[in-house]
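Each residue of the sequence shown is one higher than the one before, counting from 1492 in our numbering.
The structure appears right after this line, and notes come after that.
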Amino acid sequence: MPKAAVIIVDVQYDFLPPDGSLAVPHGDEILPVIEGLLDRSKWDWPVIVASQDYHPKEHISFASSHPPHDPFSKVQLTDANGKIYEQTIWPDHCVQGTRGAEIEKGLRGQLKPWGVRVKVVRKGTNIGIEAYSAFEGYVTEATDPAEPISDHEPQPTESPLTKYLRSEGIDTVVIVGLATDFCVSATARSAISASFETILVAPGMRGISQDDGKKAWDEIERLGGTVVGKESGDDWEIGLRQKI
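See the structure below:
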């Protein structure tokens, strides 16, 4: 029988309407689905991970770091590891110490009863490296999150989240959150690459672009993942139980 963990990607104020600096359209509509996923009368997850975009000021992904380029434009950059790549640059968002970086209050309340089963993964903490996937972050306690690791700390060959999930015997991950076409899909690709059975709950996520979100689902299925509830959002629980 699969041993499944839930990964909740970036449900933070800066990604939520109406006031988030990088609000995902209709992003708040996923909150009831996540609440259902965390209903202890229905589910008994051994591990729950909440990822948190957690950027320093002047992060490489911010348009404000690359004048005169506008937010949502694409620029060629070289990151702190010397990688040359094309970056979509964003409005400043999820800056450490700001409300926008905080996990949504209702979700924090729903996580609390799960106690030590909950971990927070903070990502994007290096000023010179973009990090969309939760598997690119570091694992910390939900009750007392650690400060960002040093930029000079050597990178492990196996991601901290992969190592933690394996230490808990997890073989399957169930993913929800924001945004489908960026951090959710990146997290799902990482999970598949790390050989976890990967299940996306469609009504528990929204994309910056609806079309790109659907393309992301197609890609995840092509790579071997599963998307439940994409035909009818009301049947996601049935589809999920059939998989786990």
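We put the CB at the ideal spot given by N, CA and C, even for glycine.
Quantities reported herein were computed from a predicted structural model and do not represent experimental measurements.
Q) Contact check, ALA1541 vs VAL1609 under 8 angstroms by CB: the rounded distance? A) Taking the first residue of the sequence shown as position 1, residue 1541 is located at position 50. Taking the first residue of the sequence shown as position 1, residue 1609 is located at position 118. That pair is a contact at about 7 angstroms.
Q | Alpha-carbon to alpha-carbon, GLU1520 and SER1650 | A | Residue 1650 sits at position 159 when you count from the first residue of the sequence shown. Residue 1520 sits at position 29 when you count from the first residue of the sequence shown. In a straight line, the C-alpha of SER1650 is about 31 angstroms away from that of GLU1520.
Q: Entirely within the stretch 1565-1607 and at least 4 residues each: give me those alpha helix (DSSP H) ranges in chain order.
A: Within the stretch 1565-1607, the complete alpha helix (DSSP H) segments at least 4 residues long are 1596-1602, listed from N- to C-terminus.
Q. What is the DSSP secondary structure of SER1555, reduced to helix, strand or coil?
A. The residue you call residue 1555 lines up with position 64 of the sequence shown. In the structure shown, SER1555 sits in a helix (DSSP, three-state: H, G or I).
**Q.** Boundaries of the beta strand (DSSP E) in which VAL1667 is found, first to last residue
**A.** Stepping through the sequence shown from its first residue, residue 1667 is reached at position 176. Its beta strand (DSSP E) spans residues 1663-1669.
Q.
Could you check whether THR1689 and GLY1716 sit closer than 9 angstroms to each other, using their CB atoms as the reference points?
A. Within the sequence shown, the letter at position 225 stands for residue 1716. Within the sequence shown, the letter at position 198 stands for residue 1689. Yes, Cβ-Cβ distance for GLY1716 and THR1689 is below 9 angstroms.
Q: Report the residue from TRP1534, SER1552, GLU1526, ILE1498 whose alpha carbon sits nearest the alpha carbon of LEU1513.
A: Here residue 1513 corresponds to residue number 22 of the sequence shown, with the count starting at 1. Per the C-alpha coordinates, the member of TRP1534, SER1552, GLU1526, ILE1498 positioned closest to LEU1513 is SER1552.
Q) Which whole-angstrom value is the C-beta distance of ALA1571 and ASN1617, which I expect to be below 8 angstroms? A) Residue 1571 sits at position 80 when you count from the first residue of the sequence shown. Residue 1617 sits at position 126 when you count from the first residue of the sequence shown. Going by Cβ atoms, the distance from ALA1571 to ASN1617 rounds to 6 angstroms, so yes, they are a contact pair.
**Q.** Backbone CA spacing between GLY1511 and GLN1701 [nearest angstrom]
**A.** Residue 1511 sits at position 20 when you count from the first residue of the sequence shown. Residue 1701 sits at position 210 when you count from the first residue of the sequence shown. About 18 angstroms.
Q) Thinking C-alpha only, which one of LYS1705, SER1532, PRO1604, ASP1672 is nearest THR1634? A) Residue 1634 sits at position 143 when you count from the first residue of the sequence shown. Ranking the options by Cα distance to THR1634, first place goes to PRO1604.
Q) Using a Cβ-Cβ cut-off of 6 angstroms (strictly less than) and excluding sequence neighbours within five positions of LEU1602, which residues of its own chain qualify? A) Mapped onto the sequence shown, residue 1602 falls at position 111. Excluding positions up to five away in sequence, the list reads VAL1609.
Q: Decide if the stretch 1696-1714 is in contact with the stretch 1726-1733; the criterion is three or more beta carbon pairs, one per stretch, under 8 angstroms apart.
A: No: the two stretches stay apart, fewer than three of their Cβ pairs being nearer than 8 angstroms.
Q: Can you tell me which of GLY1518, PRO1509, ILE1499, LYS1494 puts its alpha carbon nearest to the alpha carbon of ILE1699?
A: In the sequence shown, the residue the question calls residue 1699 occupies position 208. Closest option to ILE1699, Cα to Cα, is GLY1518.
(Q) Under DSSP, the beta strand (DSSP E) around PRO1694 begins and ends at which residues? (A) The sequence position of residue 1694 within the sequence shown is 203, counting from 1. Run containing PRO1694: 1688-1697, per the beta strand (DSSP E) assignment.
Q: Select from GLY1597, LEU1652, ARG1599, GLU1621 the residue whose C-alpha is nearest the C-alpha of PHE1673.
A: Locating residue 1673 in the sequence shown gives position 182, counting from the first residue. Of the candidates GLY1597, LEU1652, ARG1599, GLU1621, the one whose C-alpha sits nearest the C-alpha of PHE1673 is GLU1621.
Q | Exposed unless 16 or more other CB atoms sit within 10 angstroms - verdict on LYS1548 | A | Along the sequence shown, read from residue 1 onward, the residue named residue 1548 stands at position 57. Around the beta-carbon of LYS1548, fewer than 16 other beta-carbon atoms lie within 10 Å, marking it exposed.
Q. For TYR1623, is the classification buried or exposed, using 16 other Cβ atoms within 10 angstroms of its Cβ as the cut-off for buried?
A. Residue mapping note: residue 1623 aligns to position 132 of the sequence shown, counting from 1. Residue environment: TYR1623 is assigned as buried (16 or more neighbouring CB atoms within 10 Å of its CB, all protein chains considered).
**Q.** Limits of the unbroken alpha helix (DSSP H) element including VAL1524
**A.** Here residue 1524 corresponds to residue number 33 of the sequence shown, with the count starting at 1. Note, VAL1524: alpha helix (DSSP H), 1522-1528.
Q) LYS1565: buried (16+ other C-beta within 10 angstroms of its C-beta) or exposed? A) Residue mapping note: residue 1565 aligns to position 74 of the sequence shown, counting from 1. Note on LYS1565: under 16 other CB atoms within 10 angstroms of its CB, so exposed under the neighbour-count rule.
Q) For VAL1607 versus ALA1625, is the C-beta distance shorter than 9 angstroms? A) Position 116 of the sequence shown, counted from the start, is the residue given in the question as residue 1607. Position 134 of the sequence shown, counted from the start, is the residue given in the question as residue 1625. Taking 9 angstroms as the Cβ cut-off, VAL1607 and ALA1625 do not qualify as a contacting pair.
**Q.** Limits of the alpha helix (DSSP H) - the one that THR1616 falls within
**A.** Taking the first residue of the sequence shown as position 1, residue 1616 is located at position 125. For THR1616, there is no enclosing alpha helix (DSSP H), as DSSP marks it with neither H nor E.
Q. Based on Cα-Cα distance, which residue from SER1556, VAL1586, PRO1559 lies nearest to ASP1501?
A. The count along the sequence shown starts at 1 and reaches residue 1501 at position 10. The shortest C-alpha separation from ASP1501 is found at VAL1586.
Q.
Looking only at its chain, what residues have a beta carbon closer than 8 angstroms to the beta carbon of PRO1493, apart from the 5 residues adjacent to it on each side?
A. As a position in the sequence shown, residue 1493 is number 2, starting the count at 1. In the same chain as PRO1493, and ignoring 5 residues on each side of it, the C-beta atoms closer than 8 angstroms to its own belong to ASP1662, THR1663, GLU1688, LYS1734, ILE1735, in chain order.
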